[in-house]
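If you read the protein sequences in the order shown, they are chains A and B.
In terms of my numbering, the first sequence opens at residue -4 and continues consecutively.
In terms of my numbering, the second sequence opens at residue 856 and continues consecutively.
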Amino acid sequence: MPMLHTVNKSPFERRTLDTALRHAVKGAGVLLIEDGVYAAFDGTVVAEKVKAALADHKIYVLGPDIAARGMSEHHVIDGLEVVDYGGFVDLVTEYDKVQSWL
Amino acid sequence: MSEPWEDDELDGPVRKFMYVNRRAPYGTIYALESLEVVLIAAAFEQDVTLVFMDDGVYQIKKDQNTDAIGVKNFSPTYRALEGYDVEKLYVEKESLESRGLTTDDLVVPVQVVNNDQLAELMEEQEVILSF
């Protein structure tokens, strides 16, 4: 398995998600955490970019960070997978390594 | 002789303060710090206006539940601002729309203003603090 990229910055404020996607090989995973979860929802100006990335990447989003921010898992873009902290740990073990984009 | 802070008549100048909130609530400390400073200004009976724009609109998103991340949920405090006579709350229309949000998603009643209207409001202030 290639790498898991974690992104913890809001896509509306920083370019971190763009940078991570630009450096992720096909098959690499992307996990949205902390303010990075704001990229995960339908109806925003970044949603199309995230949908397009699904062609080459599995994209995961951390459920506890969604709940903390008052966002709804029901509005998560189709094709993204919501994981809990246990799922986060599983991903870290499944992928060969992790790159934490800050 | 009484000390200045014991004076019953707090008759210092009342200034128009605007607090501009542009950060999401939990990723950084800005949102919480802004809220603290707003409450201080309110305690000194200043003329306070709050603006939520860019990711700041997320500060007043409904249904925040921080149990699983182990951080205090301070969003209910925005509902208490009315009790401190902080009632001028503005949200930038473009910021809401680009995030797929509407005023129904917010914990407090706000006035929605566009870019240009917000620029005018900013010009009317005496002090602007950006967080």
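By construction, the Cβ of each residue, glycine as well, lies at the ideal position given by its N, Cα and C atoms.
Small disclaimer: the values here were computed from a predicted structure and weren't measured.
When only Cα atoms are considered, G882/B and I924/B end up about 11 Å apart. Around the C-beta of M873/B, 16 or more other C-beta atoms lie within 10 Å, and the residue is accordingly described as buried.
By a beta-carbon distance limit of 8 Å, S950/B contacts M908/B. Their separation comes to about 5 Å.
Among the residues of chain A, none has a CB under 7 Å from the CB of I884/B; the nearest is roughly 13 Å distant. Minimum Cα-Cα distance from E937/B among the listed residues R878/B, E900/B and L984/B corresponds to E900/B. Here the C-alpha atom of R877/B lies approximately 6 Å from the C-alpha atom of F986/B. Using a C-beta cut-off of 8 Å, the segment 71 to 87 of chain A makes no contact with the segment 940 to 958 of chain B, since fewer than three inter-stretch Cβ pairs fall below that distance. By the beta-carbon neighbour count (other beta carbons within 10 angstroms, threshold 16), D60/A is buried. Taking a Cβ-Cβ threshold of 7 Å, none of the residues of chain B is close to Y55/A; the smallest such distance is about 16 Å. Shown here, Q919/B sits in coil according to DSSP, grouped into three states, outside any helix or strand. For I72/A, same chain residues with a beta-carbon under 7 Å away, outside a window of 5 residues either side, are A35, F36, D37, A42, V45 and K46 in chain order. Non-local C-beta neighbours of H70/A in its own chain, meaning closer than 6 Å and more than five positions away in sequence, comprise F36 and D37, ordered along the chain. The residues W96, in chain order, have a CB closer than 7 Å to that of T14/A in the same chain once the five nearest residues on each side in sequence are set aside. Every unbroken stretch of the beta strand (DSSP E) spanning 3 or more residues and falling wholly within the segment 891 to 949 of chain B is given here in chain order: 902 to 907 and 943 to 947. E979/B: not part of any alpha helix (DSSP H); DSSP gives it neither H nor E. A direct Cα-Cα distance of roughly 5 Å separates N969/B from K948/B. Chain order gives the chain B residues near T39/A as S953, R954 and G955, where near means a beta carbon separation below 8 Å. If you look at G24/A, you'll find it in the beta strand (DSSP E) that goes G24 to L27. The alpha-carbon separation between M(-4)/A and D91/A amounts to approximately 6 Å. Bounds of the alpha helix (DSSP H) holding F83/A are Y80 to E89. Judged by DSSP in its simplified three-state form, L961/B adopts strand. At a cut-off of 8 Å between C-beta atoms, Y945/B does not count as an interface residue with respect to chain A.
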